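**Q** Numbering follows our numbering, in which position 633 of the sequence shown is assigned residue number 1426; successive positions increment by one, without gaps. Backbone N, C-alpha and C define an ideal beta-carbon position, used for all residues, glycine too. Predicted, not measured: the structure shown is a model, and the values here were computed from it.
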Amino acid sequence: MSAPTSTPSTASAVASASVAVSGLLTRTQLTALAVALLAITWGFLPEFTVVVMSYIGLYSIVAVGLVMLTGVGGMTSFGQAAFVGIGAYATAWACTSPAAVQALSGLVGMGGLPWVGLLIGLVLTFGVAWALGSVTLKLSGHYLPLCTIAWSLSLYYLFGNMEFLGGQTGITGVPPLTIVGYSLADPRVLGVLIWAVLLASMWLMNNLLDSREGRAIRALKGGRVMAESMGVDTARYRIKLFVLAALLAAISGWLYAHMQRFVNPTPFNLNIGIEYLFMAVVGGAGHLWGAVLGATVITLLKQKLQDILPSLLGTSGNFEVVVFGLLMVLVLQRFAEGMWPTLQRFTSRLLRPSKVAMPKAVVTLEQRKLPAPGTVILQASEVTKRFGGLVANNKVSMSVKAGEVHALIGPNGAGKSTFFNMISGVDDPTEGDVRLMSQVMGKLPSRAFAALGLGRTFQHVRLLGQRSVVENVALGAHRRAHKGWIASMLRLDRGEEAALLAEARRQIERCGLGEFADVPAASLALGQQRIVEIARALAGQPAVLLLDEPAAGLRHLEKRALAALLNQLRSEGMGILVVEHDMEFVMNLADRITVLEFGTVIAEGTPKEIQNNQRVLDAYLGGADDLAAGITK
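1. Near VAL1056, which residues of its chain fall below 7 Å by C-beta distance, leaving aside the five closest residues on each side in sequence?
2. Is it buried or exposed, ARG1008, if we count other Cβ atoms within 10 angstroms and call 16 or more buried?
3. Given MET1132, which residues of its chain have a CB within under 8 Å of its CB, disregarding the five upstream and five downstream residues?
4. Can you find the residues in the same chain that come closer than 8 Å, C-beta to C-beta, to ALA1354, ignoring five residues on each side of it along the sequence?
5. Could I get the ranges of all uninterrupted alpha helix (DSSP H) runs contained in the region 1033 to 1096, with 4 residues as the minimum, in chain order?
6. On the criterion of 16 or more Cβ atoms from any shown chain inside 10 Å, does HIS1349 qualify as buried, or is it exposed?
7. Suppose you measure from the CA of VAL1025 to the CA of GLY1269; what does that come to, to the nearest Å?
8. Less than 8 Å separating the beta-carbons of GLU1397 and ARG1385?
9. Secondary structure at SER890, three-state DSSP: helix, strand or coil?
10. Which residue's Cα is closest to the Cα of ARG1287: ASN1000, GLY974 and SER853?
11. Going by the beta-carbon positions, is the gap between SER1281 and SER994 smaller than 8 Å?
12. If we ignore side chains and look at the alpha-carbon of each, how far apart do LEU1339 and ALA1207 end up?
13. Run through DSSP, which three-state label would THR1399 get?
14. Among PRO969, LEU1136, GLY984 and LEU1294, whose alpha-carbon lies nearest the alpha-carbon of VAL1266?
15. Rounded C-beta distance between VAL1262 and GLY1079? I'm assuming under 8 Å.
16. At the level of alpha carbons, what is the spacing between ALA1012 and PRO891?
17. What does a CB cutoff of less than 7 Å around GLY1307 pick up in its chain, not counting 5 residues either side in sequence?
18. Between the region 1308 to 1323 and the region 1224 to 1241, do three or more beta carbon pairs fall short of 8 Å?
19. Could you have a look at GLY963 and say whether DSSP puts it in helix, strand or coil?
20. When the Cα of ARG981 is compared with those of TYR1069, MET955, VAL843 and GLY905, which residue comes out closest?
21. Here's a check: name, in chain order, each residue in its chain whose Cβ is nearer than 6 Å to the Cβ of VAL1169, leaving out the five neighbours to either side.
22. Closest to THR1399 by C-alpha separation, out of LEU1382, THR824 and MET998, would be which residue?
23. Can you confirm whether the region 1170 to 1181 touches the region 839 to 856 when touching is taken to mean that 3 or more C-beta pairs between the two stretches lie within less than 8 Å?
24. If you run the structure through DSSP and keep just helix, strand and coil, what is LYS1209?
25. If you draw a straight line from the alpha carbon of THR1027 to that of ARG1240, how long is it in whole angstroms?
26. Check for me: the beta strand (DSSP E) holding GLY1225 runs from which residue to which?
27. Spatial neighbours of LEU939 within its chain, please: CB distance less than 6 Å, with the 5 preceding and 5 following residues excluded, ordered by chain position.
28. So, with DSSP's three-state summary, where would you put LEU1339?
29. Quick test of your reading: ALA1244 and ARG1273, contact by CB under 8 Å. State the CB separation rounded to the nearest angstrom.
30. Helix, strand or coil, according to DSSP, for VAL1394 in the structure here?
31. Can you give me the Cβ contacts of LEU1120 inside the same chain, cut-off strictly under 7 Å, excluding the 5 residues immediately before and after it?
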């Protein structure tokens, strides 16, 4: 029998229906519809399915924390199962230890013991995670994940060797949860709580990422130097993110203990920690819903393999582990970014954009009063930088005044970028002093320079490539707002967030990139990305602006537009220091020029004086003619 074929009229009808369906729902509406469908069908699902769904919910809570930690924050951890164990053991001990029951039941009643156990678990997890994070997060590269393996194994063996926690046997008789006297012993009822906690966690994390604090978190992955220069305390943010992921794992452990009614060390070993990380990566490490998808795929896959493989290959070997590993390799090879981004690309045409709700009140960002023109705002005094026996900068002295453009030029390898990094706090000088706004900076980090009014760009562009231009620029205004993590999670920062985005758009328009505000920064040409960096620096309302080769990659008309912008900033009273190789651009723009050669200042003066300085012309060798022709009449 031949397969049925579509007539032209049928095909047209199908196409019309597709167009009609396309764009009917926003992502928020589709999510609400999926949650409503789950709620409606929950009571009709088989008991076994409910249990599996509950496990998926528990695993997803941990995976959501790993998405935040690994996918967004760039910190790989194999130890989340240990934090699940802390949450599980804390509530099991509080509910079953004779000493704890006797001491606590008189205060909260037997029904309140699990909630005390939750509090104990969260406090313990907070302390342990903060202590471990303070030590391990200073590491980078492969040392960080190796260290998480080490303390994960330590905590696992600790669970199994402490007699008051039951040793390897564990703790039995964990009571069910009760809420206002209503028992959640039924897995179908407890499953509702598990999924409610999961959805609430995802809502809170989504709000956090959609905020000023979220932009700072995203900058931790591969952009710590840039983030510090924007005023973000990256070390503190990394620890806070590590603790947040650990707390989510502890909540999952608490729910697990009261679902199983029994706790032993086995579910908290290193293998389970690796599975949690697999869930986040397979689903899509940078996407919250990817955590749920990854947990679902891996849980169901393991379940099916355990059912099918013994009948095919026998029960003498643990074949499901081998097959599971091979399938994970295949999935990761096929979906390098995870399965959720691929699913998003297929469904994006069926969804319409969500409307952005305008806040009731937009706050006013902090405003900086610029110093009077002619005031010295940045000064380097005999600054020296040594790398072992190599002297990159040798007693370099220079100053930048409010309302002027000061250029720093020199041949390649002259030490310009090294000097730039020292006067912006990225590197510490070996000798000498750097003063910003008359304050000796010493060994203060670059975020302290940003707080005093220094903004900068980089020789090699540093942007969050997958984020929009407006999000990148808004990061520059980080220090001009103050709402924290809790306010962001609860969406109490909407007025401040609207002000930040409005300021970012104003600076983007000012720099001539208004039409690109909502496109990913990585999609722009290199020259345009440099302009985005300038807009980002301006969003912080700096008093002194450091530009590292801003004209590189720009066409002639774009250079003229940049020069006009810098002239405007100078007239407003901003001090500007420019490192640039384009001599025509420099000579027509700068008020003063400092020339470096082999890390030493060989000349300083007006463009005309520099143009006529024979030592400078000699330093540029074959570029002398270009230098001499730099000034236009």
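**A** Looking at the atomic coordinates:
1. ALA881, TYR882, ALA885, GLY963, ILE964, VAL967 and ALA1050
2. buried
3. VAL1075, GLY1076, GLY1077, GLY1083, LEU1086, GLY1087, VAL1090 and VAL1124
4. GLY1305
5. 1063 to 1077
6. exposed
7. 10 Å
8. yes
9. coil
10. ASN1000
11. no
12. 17 Å
13. coil
14. LEU1294
15. Not confirmed; about 19 Å, so no contact.
16. 48 Å
17. ILE1301
18. no
19. coil
20. VAL843
21. SER1192 and LYS1194
22. LEU1382
23. no
24. helix
25. 9 Å
26. 1224 to 1229
27. none
28. strand
29. In fact, because the Cβ distance is near 11 Å, the residues do not count as touching under 8 Å.
30. strand
31. LEU1094
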